[in-house]
Each structure stands twice: as structure tokens, then as C-alpha cells.
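In the working numbering, the protein residues as written are 2 to 396.
Glycine included, every Cβ here is placed at the ideal spot set by N, Cα and C.
Please read all numbers here as calculations on a predicted model, not as lab measurements.
One structure is given here, and the rest of the page talks about it.
Pasting the structure below:
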């Protein structure tokens with residue numbers, strides 16, 4: 002049977018040509034078109050999405066591999082799907098149309114997002130189907146596409162649900178759609194949400210930054226966020242002022258440290274002082290991300306000379322690191338603390354004096370008597386020898 006004569010599922014038809022997709026690509030709006038059709042649309046001077054008519058600041062085309070794979074399966078099955086196809090895809094397409102429709106009320110969209118959340122939680126095997134029909138770029142566009150710069154809490158619940166769904170989809174999808182945040186207007190929306198959103202919104206945006214930092218597809222976006230003054234200052238405030246949300250901030254800093262250029266920006270924006278404050282504030286907490294904070298601090302101290310200087314200059318800097326050398330509850334952070342102290346004490350008399358004054362010798366002896374790994378004990382001995390040799394040189 003020729004494809005022109007068969008019944009092609011609506012999902013597999015290009016909205017422009019109405020023919021079966023041959024090379025499906027997705028725009029930043031979440032709409033998918035056949036590559037040849039959308040390229041012709043652009044060639045005629047159109048800079049909008051044909052379905053939504055939104056102006057495209059980013060006209061990049063992202064291959065929709067999930068949809069292509071689904072079409073191949075359909076072809077291999079003789080242009081037929083299992084009877085469950087309609088019961089699986091039709092409801093999902095209905096939910097997608099509800100979110101896309103300009104006629105849907107805010108309450109309608111909230112209910113739709115709740116249905117999507119329940120679907121992903123209760124029937125996780127259907128999550129890949131959501132990706133195949135373009136939910137991830139659509140949700141991202143809805144969240145970052147048209148945010149009021151003045152920000153209003155009116156849509157806060159809707160925005161939080163959008164972000165929650167995005168975070169559930171990202172582990173299964175392609176990160177490239179997040180590159181829409183490289184557009185100035187969408188990055189501004191991201192920053193407004195981070196600066197004015199609830200504690201949960203801030204935490205989830207930090208988790209989104211972690212996801213962005215984990216993928217080579219979004220490396221350039223990671224660098225943009227890592228040098229953004231407003232975001233870094235917001236993170237600094239988050240980890241110093243609010244312990245309930247600070248752990249997500251620590252995770253975001255740790256993720257951003259994957260790039261050397263980001264580490265330079267983090268030092269320049271004063272994040273070393275924020276990490277030091279966090280470590281001190283976690284002393285009485287049973288659970289914390291102190292080990293992660295210490296690992297990030299090690300990377301910043303080792304990135305450039307200004308990192309070492311910032312640690313030494315902070316009145317609590319060396320003391321905070323010494324504190325992490327040995328902790329009764331666990332040895333998380335000991336390795337990074339030892340590495341940091343070796344780096345700063347090798348070059349600085351002031352750092353050595355502060356470390357000894359903070360009780361590093363006692364901490365090292367306790368560590369050597371503990372059940373920590375041989376590698377950590379070896380580093381503890383190295384630091385002891387360094388302190389002693391430098392002391393002998395100075396006498």
C-alpha cells in the first residue's frame with residue numbers, strides 16, 4: 002500500500018505539508034515540522050512558528066529522533082500499531098493541545114499539568130511517549146517564553162508545575178531544547194523566576210542548572226549561566242541566608258564548577274565566602290551538603306591564585322577547611338579539605354599559621370587514627386610533613 006493511500010496517524014503528519022514526516026525537526030516553540038517544509042517557510046522570509054505564529058528569536062531546528070524512531074516502528078509493523086496506540090497517544094495529544102491552545106484558561110492548563118504529573122508518576126512507561134510528541138520543548142517554551150518581567154505570583158502555581166514536569170522529563174529526553182535559554186528574553190525569564198519565585202522554584206531552577214551542566218549539548222548555556230552576575234549573586238544569597246533551600250544552591254555551584262571559565266567567575270563573584278559560610282552554618286545540622294560544598298571549594302581554590310587568596314583572606318576560611326579534615330559522623334569532605342590545605346599552606350605562611358591555630362594538627366592525628374581510606378591517610382601525612390618542613394625552614 003502506498004503511503005499516500007494509507008491512513009497516516011495525525012502525529013506523523015507535518016502541519017505544513019500534511020504529508021508523512023521524512024525528517025522531523027522541532028522548533029523552540031515545541032512544534033515539529035518536516036525539515037524541508039519548515040526550511041521553505043523560512044526561505045520565504047517568515048520568522049514565525051507556522052502553528053503558533055510566535056516570533057522565533059531562535060530559529061534552530063532540533064532533530065526529533067524520538068518521533069523518527071516511532072515512525073520507523075510504524076513502518077516496520079506494516080503501517081499499523083498495536084490496538085493500544087490510540088488509547089496511549091490520543092489522550093496525550095489531547096493534553097498537549099490543551100496546553101497549546103490560546104483558548105484554554107489558566108485553570109484548564111493547571112489541570113492538564115496535574116494529569117501529566119500523575120501520568121508520569123503512576124505510569125512511568127508512558128513518559129517516553131510524552132517526549133516523542135514534543136512535550137519537553139513545549140513545556141520549556143511555556144515556562145520561559147512569555148514571562149512578565151515585573152513578575153506576578155498570579156501564575157506561580159502554573160510555573161512551578163511546569164518546571165516540575167520539565168525536571169521529570171529531562172532524564173529521558175534531549176537537552177538541546179534547553180538551549181532556548183541562550184536567547185536574551187528567555188534567560189531574563191529564567192532570572193526573574195529565580196529572583197522572585199518561591200523557595201521550591203529556586204530549588205528546582207538550581208536542579209535545572211545541574212541538568213544543564215551535565216550535558217555536552219548545553220555546554221555553552223552552562224558557560225552563560227556560570228558568568229551571569231545576577232544568578233551567581235542569587236545563589237550566594239541562597240546558600241548564606243536560607244538553609245532550607247541552600248543545599249540545592251550548593252549542588253548548582255558544584256555543577257557549574259565543571260567548566261574552568263565558570264570557576265573563575267565563581268571566585269570573582271565571591272562564592273568562596275558563601276561556601277565558607279555554608280560550611281560553618283552546617284556544623285549543627287545532622288544532614289547537609291557540606292562534603293559537596295568542600296569539593297566545590299577545592300575546585301575554586303585550585304582554579305587560580307585569587308581563589309587561594311580569597312580563602313586565606315576570609316577570617317573563617319582556613320578554619321572552615323580545617324573543620325572538614327575530620328568529622329566524627331563521616332569522612333565526606335576530608336579528601337577535598339586536605340587537598341585545599343596542601344595547596345594554600347605550601348605557598349602561604351599566613352595559611353599555615355591559621356591552620357595550626359585552628360587545630361589542624363589535632364584533626365590530622367584523629368584522622369590518622371580513624372577508619373578512613375589509605376589514600377586519605379597518605380594525604381594527611383603529606384600535609385603533616387609539609388607543615389613540619391615549612392616550620393623548620395622558618396626557624
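Note that the C-beta distance between residue 190 and residue 118 is not below 8 Å. Residue 27: member of the beta strand (DSSP E) spanning 25–27, first to last residue.
Distance from the CA of residue 345 to the CA of residue 96, rounded to the nearest whole angstrom, comes to 57 Å. Annotation: residue 44 to residue 65 spans about 21 Å, alpha carbon to alpha carbon. For the pair residue 168 and residue 209, the CB atoms are nearer than the 8 Å cut-off.
Sorting 50, 61, 51 and 67 by C-alpha distance to the C-alpha of residue 23 places 67 at the top. Residue environment analysis places residue 337 among the buried positions, since at least 16 neighbouring C-beta atoms fall within 10 angstroms of its C-beta. Pairwise C-beta distances place the region 209–225 out of contact with the region 44–61, as fewer than three of them are shorter than 8 Å.
Residue 366 sits exposed, since fewer than 16 C-beta atoms from the chains shown fall within 10 Å of its C-beta. In this structure residue 376 is exposed. Its beta-carbon is surrounded by fewer than 16 other beta-carbon atoms within 10 angstroms. Shown here for residue 349: same chain residues with a beta carbon closer than 8 Å to its own, the five before and five after excluded, namely 309 and 313 in chain order. It is roughly 32 Å from the alpha-carbon of residue 291 to the alpha-carbon of residue 187.
In this model, residue 205 and residue 249 are separated by some 8 Å (Cα to Cα).
Between residue 267 and residue 294 a beta carbon distance of about 12 Å is seen, past the 8 Å cut, so the two are scored as non-contacting. Boundaries of the alpha helix (DSSP H) around residue 158: 157–170. Within the region 202–241, not a single complete beta strand (DSSP E) segment reaches 3 residues in length.
Between the C-alpha atoms of residue 136 and residue 31 there is a straight-line separation of about 7 Å. In the three-state scheme derived from DSSP, where H, G and I count as helix and E and B as strand, residue 293 is classed as helix. When DSSP states are grouped into helix, strand and coil, residue 10 belongs to the coil group. Out of 384, 142 and 161, the CA that lies nearest to the CA of residue 183 is found in 142. Take the alpha-carbon of residue 383 and the one of residue 343: they are about 8 Å apart.
Rounded to the nearest whole angstrom, the C-alpha separation of residue 224 and residue 213 is 10 Å. Excluding five sequence positions before and after residue 318, the CB atoms of its chain that fall closer than 6 Å to its own CB belong to 277 and 312, given in chain order. The alpha carbon of residue 297 has as its nearest neighbour, out of 316, 242, 269 and 341, the alpha carbon of 341. DSSP places residue 128 in the helix class (H, G or I) of the three-state scheme. The alpha-carbon of residue 9 is positioned some 19 Å away from that of residue 131. Burial is judged here by how many other beta carbons sit within 10 angstroms of a residue's own beta carbon; residue 126 has fewer than 16 and is exposed.
For the pair residue 159 and residue 120, the CB atoms are not nearer than the 8 Å cut-off.
Residue environment: residue 380 is assigned as buried (16 or more neighbouring CB atoms within 10 Å of its CB, all protein chains considered). Around the beta carbon of residue 353, 16 or more other beta carbons lie within 10 angstroms, which makes this residue buried. Per DSSP, reduced to three states, the secondary structure at residue 49 is strand.
Under DSSP, residue 63 takes part in a beta bridge, and its partners are 27.
In this structure, residue 69 and residue 25 form a Cβ contact; the two beta carbons are roughly 6 Å apart against a cut-off of 8 Å. If you draw a straight line from the Cα of residue 264 to the Cα of residue 170, it comes to about 29 Å.
Here the alpha carbon of residue 104 sits roughly 14 Å from the alpha carbon of residue 112. Residue 364 and residue 322 do not touch by the CB rule: their CB atoms are close to 10 Å apart, not below 8 Å.
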